[in-house]
Structures are given as C-alpha cells and as structure tokens.
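Here the sequence shown is numbered in this note's numbering, starting from 13 and rising by one per residue. Note that CB positions come from ideal geometry on N, CA and C, so glycine has one too. Source: prediction; values computed, not measured.
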Amino acid sequence: MAETVSPTLDQVLAFCTEEPVERVFLEDIARRGLGRFSAVAGDDGRLDALCHVGANIVPSGSGCAGFAEAAARSGARMVIGEEGAVGELWDAAQRRMPPPRDDRPGQPVYALREAPDPGETGLRPACLLDLDLLVPACAEAHREEIGVDPLQRDADGFRWRTRQQIEEGRSWLWLEEGMIQFKAEASAWTPAAVQLQQVWVDPQARRRRYAHRALRDLCRLLLEQVPAVCLFVRPENEPALRLYDSIGMTRELTYRSLVF
13 MAETVSPTLD QVLAFCTEEP VERVFLEDIA RRGLGRFSAV AGDDGRLDAL
63 CHVGANIVPS GSGCAGFAEA AARSGARMVI GEEGAVGELW DAAQRRMPPP
113 RDDRPGQPVY ALREAPDPGE TGLRPACLLD LDLLVPACAE AHREEIGVDP
163 LQRDADGFRW RTRQQIEEGR SWLWLEEGMI QFKAEASAWT PAAVQLQQVW
213 VDPQARRRRY AHRALRDLCR LLLEQVPAVC LFVRPENEPA LRLYDSIGMT
263 RELTYRSLVF
C-alpha cells in the first residue's frame, strides 16, 4: 500500500484541475483553507490520489486504498466521491469501520456548460431575513436526500451552516406569498465550477415545473461566473433525473456514498 503524505496547496490545486467537476468539493475547501488532506504522490511530486478527512471522507484518484487507516480513525458520517475511488477505499477499510446505514452506488453527476433558456422566475439570492424560512426547508431537503433530520442531530450547528451559506452568497430561492417555489445552495464553488445541492420545492408547489424554470435561471446566473454548473443525485430519484435531463445537463461520471 502506497505511503501517504500531507500535500501542499499547489499540489492539491494541480490535482483538482485535472478533473474540475469531479473534484470541485476538494478544490473549494482547499482554497478556503478548511480541509485536512492526505495524498498519495508519485516520484515526480504529482498527486495520484487525494482524500479529504473530516465529517465526510472524500477520496479521489488512483491509490485510495492508502487512505483506509485515516478513514477508519475518522469517525466520519459519510464516505462520498467518485465511485471507483470510494470503492477502492472501502474495500481496504471496511473491516475496520462500522457497516454503513446506506450504500448508494451509481449516483449520476450532472454538469451544464451552456446556458439554458430563461425561466423567467423570481429567483434571487437569499438574505438573512429568509433564515427562519430556509432552516426548516434545508433540513427537510437534507432529510429527503440523506434520510437524517439534521435538526434532531445538531439544530444549532445546522442553523449556523444555513446562515453561513446565505452570508457567503451560496443560497438562492424563489419565494411567492411565503411559499418556497424553489431553493438551492452551492456546496462548492471554484473558478472552474459550482456544485449545487439541496435543490428543493415546497411539497405544495411541486409538479408545476417551478424547479424546471428556476433551475434554468440559477444556471444562467452561475454560468456568467464559472464554466460549469454541476450536481449529483440518487439514481432512484426519477423526478430529479428528469429535471436535470430536461434543462440540458449531461451525466459525466458517477459517485458513490456510504452513509453511517
């Protein structure tokens, strides 16, 4: 098994540049100085594999079995990333880790690089006045996606993270008469791509094509600033798959998530 090293920021950024959509999360947290990274490097100093070790384990590249020990010690809530990288790490680490509550292979990663037609919605950046409305909406979106209610696990921490996304300009919504017609957040933002998460519509407003229209407007807004907008989704979420296909997003790779 290859020896792991602590990579430099330049090494991390060079590695992420090779696959900017797949590695958008790794690049984002590296640029913001938030990540704790382990890497496998070749003789030339270039990284073959990289792994973020935190509440989530995020491996990428070839040689991810080398991160098994760090993953086993981490107590992470999730292992998530490119399907092959996650599989390689899990094969090496599973004897030392608890069984996952959920194993989700084959999650399509979508990307869009050309602006779709306008949706002509009231989409706007969220502001702090929206916080009390967004916290339960974001929590419900999280519960629908992950199967865990974050307000039961860590209500204060979740509210703080929702507020932080608003303050960082990473949260958008379309609000009509107090009802959320559409909302989404950016989970990662680099010069090459924005990764969206928690695309959500109030259940009372669903099946009216609000998400179809608002996502087009959001992608148009973001594509003025970055070359690509991307996201990933559970393969059994047929309405979401139809939505992303319908606005012209293409499936570029697959993720796998292990939820503990």
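Check, Outcome
"Contacts around G47, its chain only, beta-carbon distance under 6 Å, and the 5 residues preceding and following it disregarded", "I41 and H64"
"Cα-Cα separation, I56 to C28", "A small fix is needed here, since residue 56 is Asp in this sequence, not Ile. Cα-Cα distance, rounded: 17 Å."
"Classification of W184 by the beta-carbon crowding that lies within 10 angstroms, buried from 16 upward", "buried"
"Whether I259 touches R228 by CB criterion (8 Å)", "yes"
"DSSP state of I41 mapped onto helix, strand, coil", "helix"
"Buried or exposed by the 16-neighbour rule on C-beta atoms within 10 Å, applied to G45", "exposed"
"Same chain, Cβ closer than 7 Å to D60, neighbours up to 5 away in sequence not counted", "V52, A53, G54, G73, S74 and G75"
"Coarse secondary structure for R219, derived from DSSP in three states", "coil"
"C-beta contact flag for Y267 and Q106 at 8 Å", "no"
"Contact check, C242 vs V33, beta carbons under 8 Å", "yes"
"Cα-Cα separation, G78 to L140", "43 Å"
"In DSSP terms, what A61 is bridged to", "V52 and G73"
"V121 beta carbon less than 8 Å from that of E264", "yes"
"L208 and A217 closer than 8 Å at C-beta", "no"
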